[in-house]
Amino acid sequence: MRAALLLGAGALALTSTLALAQPQDLLPDIFNDPPAEAPAPRPQPRPQQTAAPAAPAPQVTRGATPPAASSTSAPVVQPLPSAPSAGASAPPLPGLPANFPSLAELEQMEASEINELLGLRPKFDVPPAARRSMDRVGVIASSEGGFPYPSLARQPAALVRAALEGTRGPMVSRWGHILVRRALASRLDAPAGMSPVEFAALRASVLNRMGEARVAVELLQDVDGSNYDAAMLAAASDAYLATGDLLGLCPLARLHPQLREDGEWVLTQAICDSFLGETRSAERRLARALGTGQAPEIDVRLAQRFAGAAGDAGRAVNIEWTGVDELTPWRLSLARALGVDIPDALRSAAPRRFDYADVLIPAVPLGQRLRAAERAGRAGVLSAQAMVDLYSLAYANEALDEATRNLAAQLRQAYVAAEPVDRVAAMQALWGEDMSYGRQVLTAFAAARLPASNALADNAGPLIAAMLAAGLDANAMRWRSVVATGSEGWALLALADPAGGTVSGGDFGSFVSDDDSEGSRKSAFLLAGLAGLGRMDAAEVQNRAADLGIDLARESVWSQRISQAARVGNPTLVALLAGVGMQGDGWNRMTARHLYHIVRSLNAVGLSAEARMIAAEAVARG
């Protein structure tokens, strides 16, 4: 474009120069002074091959004699355009809009800006042969442990949409979180009446709200960028920020610059311009965002510092948190990537999903990741093995404070101490007086290494809870002969036993008599779990429920939907609806009736392992 405009300007200048000089007349005189009457042309002989007779010679019609031309030719001179007056803008070139940039402005533009100006951005970011189908989107195939492909294909779109939109935040159950994550990450066909793009966007959004941004990124990357819409782009922005990978948005920023118009999107485009070598474009975008208030100053300053890592690194940008009263995902992600300290008051007041982001972002200092790991492990974002790996990095790390290194040393003792009692003592030190469930997840494999011994019977309950937090039910069942009937350890094994078995009303009564939880919540959860798994007589369940003042049979719209999904044998829909029923930030938000419907429905569709673990977790944490 620039070359074409330069060529056009040069041609205009050349024409004007020739017009100012008198050119030499190179035509013969006969063209300047023609005779009054031109002689008739002589007829040409016809070729011999044709049989047609020769046509008569054409006759010239005589008419009035034309006036003689002047003997001197006068060149046609095009008048030069007059220069515009001071302050007036040059008229636009024909066919271009009035606000089209001037040649000088075009010369200052980057290639991406010119492409955007002329609408030359590509519609697709991959060649046709490499484009992926939208029929089945997900990360885990059914052969890899995912849910069946067509399980939602014939379900009403309104029901699936309501289940996904109803999953707004954290779940009370770690095992419920793990179950719903697996369902959302499975390769699934879209429900009838719902586009695959909307289905993928809804699932990615739920994963983001659950703190599973890394899984959301993998799900979103299974969709070609050319298929993104505004909802998909919003989910992608949340996911990439929560994983500290802002540059992962750059292909989408190039492909869909107009899908968003907010300040963060403008800053994202500027950062991407900078890392693509278009420094001038990035600086102009950032200066414009700061000058017009399109984005808050703290957001622009963080973006300038980030962009400067690829462009002019010598430019100093000061980050001042004065007057900032909210920590947003944008601010957390860029601050962590840049190594900028966040004020403690801002960080402590942030929602819990920021803890999950701190665990997932590699640039977060190890000490801060460890502080966030306990909550992430309790929620199900981190596995027990991942927590052990993270704490292993802290052992003998002199850069960390002494308290953090002591935690890592205690975890090591829980594994390698010579005597089992010393290992249990190390675990108890980690659990604390409040019996942290996140720390129980951390010590799950250490507990599984202990011998089932009567000498450790007093600690059997929390040890079994730790094992079941990681799904180690086979190791936990070795303690069956150690635990006393009616104890918490007994109750956990009664629910977690993969072989099943019936619990008598008398044994259940022993547990109730020793239950000191608030409102006998653990007893209510144990009854709900046993009833849902079918491990207690129905009449006995009804009598015990009346004693505890609960009604497990009461129906609601949600219980009717999950029960219906269980009757038709749809595990995916049951899992999604179970996630809706487990919304909350603590087990005090869960009712025995909800737990009963969840456990019963999961058990009915073949998800008995998840049903057993959720029921046992409810008793352990109730």
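Positions -21 to -1, 1 to 601 (mature numbering (1 follows the signal peptide of the UniProt record, and there is no 0)) are the ones given, in order, by the sequence shown. Cβ atoms here follow ideal geometry from the backbone N, Cα and C, with glycine treated the same way.
Exercise. Is the distance from the Cβ of P550 to the Cβ of L505 below 7 Å?
Worked result: Taking 7 Å as the Cβ cut-off, P550 and L505 do not qualify as a contacting pair.
Exercise. Any idea if G172 is buried or exposed, counting beta-carbon neighbours within 10 angstroms, 16 or more meaning buried?
Worked result: Residue environment: G172 is assigned as exposed (fewer than 16 neighbouring CB atoms within 10 Å of its CB, all protein chains considered).
Exercise. Which one of T271, A595, T383 and D224 has the shortest CA to CA distance from G242?
Worked result: Nearest C-alpha to G242: T271.
Exercise. In terms of alpha-carbon separation, which member of S253, Y207 and E240 lies closest to L231?
Worked result: Ranking S253, Y207 and E240 by CA distance to the CA of L231 puts Y207 first.
For this session: Could you tell me whether the Cβ atoms of V403 and N433 are closer together than 7 Å?
Result: For V403 and N433, no; Cβs fall outside 7 Å.
For this session: Would you mind reading off the limits of the alpha helix (DSSP H) that contains S580?
Result: Looking at the DSSP string, the run of the alpha helix (DSSP H) that includes S580 is A571 to A583.
For this session: Run the CB neighbour count on Q273, radius 10 Å, all protein chains shown included, and call it buried at 16 or more, exposed below.
Result: Around the C-beta of Q273, 16 or more other C-beta atoms lie within 10 Å, and the residue is accordingly described as buried.
Exercise. Thinking just about the alpha-carbon of each residue, which of S81, V279 and G287 is nearest to the one in E299?
Worked result: The shortest C-alpha to C-alpha distance from E299 to any of S81, V279 and G287 is the one to V279.
Exercise. Where do the ends of the alpha helix (DSSP H) carrying L238 lie?
Worked result: Per DSSP, L238 belongs to no alpha helix (DSSP H) and is neither H nor E.
For this session: Name the two residues that bound the continuous alpha helix (DSSP H) containing S587.
Result: Annotation: the continuous alpha helix (DSSP H) that includes S587 extends over S587 to R600.
For this session: From the DSSP output, in three-state form, read off Q200 for me.
Result: It is coil, neither helix nor strand.
Problem set entry | Among S112, S122 and A142, nearest to V176 - alpha-carbon criterion | Closest option to V176, Cα to Cα, is S112.
Exercise. Secondary structure at Q562, three-state DSSP: helix, strand or coil?
Worked result: Strand, per DSSP.
Problem set entry | Cutoff 7 Å: V139 Cβ touching any chain C Cβ | Protein chains in the displayed structure number just one, and chain C is not present.
Problem set entry | Alpha carbon of L531 to alpha carbon of G558, nearest angstrom | Near 19 Å, if we compare the C-alpha coordinates of G558 and L531.
Exercise. Going by the beta-carbon positions, is the gap between G465 and F490 smaller than 7 Å?
Worked result: Yes, the Cβ-Cβ distance between G465 and F490 is below 7 Å.
For this session: Can you tell me which of the three DSSP states R115 falls into?
Result: In this structure, R115 counts as strand in the three-state DSSP scheme.
Exercise. Got a sec? Which residues, its chain only, sit under 7 Å from D334 by beta carbon, not counting five neighbours each side?
Worked result: Only A351, R354 and A355 meet the Cβ criterion.
Exercise. Are the beta-carbon atoms belonging to A444 and A503 less than 7 Å from one another?
Worked result: Against a cut-off of 7 Å, the Cβ pair of A503 and A444 comes out as no contact.
Exercise. Ends of the alpha helix (DSSP H) at L531?
Worked result: For L531, there is no enclosing alpha helix (DSSP H), since its DSSP letter is neither H nor E.
For this session: State the CB to CB distance for the pair R160 and G125, rounded to an integer number of angstroms; the pair is presumed to be in contact (CB under 8 Å).
Result: About 11 Å separates the CB atoms of R160 and G125; that is not less than 8 Å, and the two are not in contact.
Exercise. Thinking just about the alpha-carbon of each residue, which of L158, A328, P430 and E123 is nearest to the one in A358?
Worked result: The shortest Cα separation from A358 among L158, A328, P430 and E123 belongs to L158.
For this session: For I340, collect the residues of the same chain with a Cβ closer than 6 Å to its Cβ; drop the 5 residues on either side in sequence, then sort them by chain order.
Result: If we look at I340 and ignore the five residues flanking it on each side, its Cβ neighbours are G223 and R315.
For this session: Check whether the Cβ atoms of D168 and R115 sit closer than 7 Å, and answer yes or no.
Result: Cβ atoms of D168 and R115: closer than 7 Å.
Problem set entry | Where D368 falls, given that 16 or more other Cβ within 10 Å makes a residue buried | Burial state of D368 is exposed, judged by a 10 Å Cβ sphere holding fewer than 16 other Cβ atoms.
Exercise. Contact check, G411 vs G440 under 8 Å by CB: the rounded distance?
Worked result: The Cβ separation is near 16 Å, so there is no contact.
Exercise. Would you report the Cα separation of L226 and R310, rounded to the nearest angstrom?
Worked result: Between the alpha carbons of L226 and R310 lies a gap of roughly 15 Å.
For this session: Pull up the distance between the alpha-carbon of M414 and that of A463, whole angstroms please.
Result: If you draw a straight line from the Cα of M414 to the Cα of A463, it is about 21 Å long.
Exercise. Nearest-angstrom Cα distance between Q419 and A448?
Worked result: Approximately 7 Å, taken between the alpha carbons.
Exercise. Looking at P477 and residue 661, is the spacing between their C-beta atoms short of 7 Å?
Worked result: Not covered by the structure: residue 661. The range shown for the chain is -21 to 601.
For this session: Could you check if A266 is buried or exposed, using at least 16 other CB atoms within 10 Å of its CB as the buried criterion?
Result: Around the CB of A266, fewer than 16 other CB atoms lie within 10 Å, so the residue is classed as exposed.
For this session: Please look up how many angstroms separate the CB atoms of Y219 and L228, rounded, as I've assumed it's under 8 Å.
Result: Between L228 and Y219 the Cβ distance is about 5 Å, and since that is below 8 Å, they are a contact.
Problem set entry | A375, DSSP secondary structure in three states | DSSP places A375 in coil when its eight states are reduced to three.
Exercise. Just the Cα atoms here: how many angstroms apart are V338 and V553?
Worked result: A direct Cα-Cα distance of roughly 30 Å separates V338 from V553.
For this session: Assuming L409 contacts A427 (C-beta within less than 8 Å), just tell me the rounded distance between them.
Result: No, L409 and A427 are not in contact; Cβ-Cβ is about 15 Å, not under 8 Å.
For this session: Please look up how many angstroms separate the CB atoms of V185 and L143, rounded, as I've assumed it's under 8 Å.
Result: With a contact defined as Cβ atoms closer than 8 Å, V185 and L143 qualify at about 5 Å.
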